[in-house]
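The sequence shown begins at 2 in the working numbering and counts up by one.
Just so you know, even glycine gets a beta-carbon here, dropped at the ideal spot from N, CA and C.
Report on the structure given below.
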Amino acid sequence: GQACINGHCMQDCPAGKTACVEGCFNLETDPDHCGICTNNCPAGLVCSKGQCAPPPTTINRAI
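Structural data, given as structure tokens:
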């Protein structure tokens, strides 16, 4: 099926994804559609829970 969003016909999206003009995206994790469609996170940031944020840090330990 299709949905009409802002005057554009788009396919229905699977669970967990939102219909944007460019397609279906996970607004919780997509850095090009973070929180809302077309909200791009600045370079060096990731999309976490719909918010642009610094990437999680990892600690490497020698065993």
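Terminal residues of the beta strand (DSSP E) in which residue i lies
i      : result
Cys-53 : 52 to 54
Rounded distance between the beta-carbons of residue j and residue i, thought under 8 Å
i      : j      : result
Cys-42 : Cys-35 : 5 Å
Inter-residue Cα distance where the pair is residue i and residue j
i      : j      : result
Val-22 : Gly-45 : 25 Å
Thr-58 : Thr-19 : 28 Å
Pro-32 : Ala-63 : 32 Å
Lys-50 : Thr-30 : 6 Å
Cys-14 : Asn-40 : 19 Å
Cys-48 : Ala-54 : 6 Å
Pro-56 : Ala-16 : 25 Å
Cys-38 : Leu-28 : 7 Å
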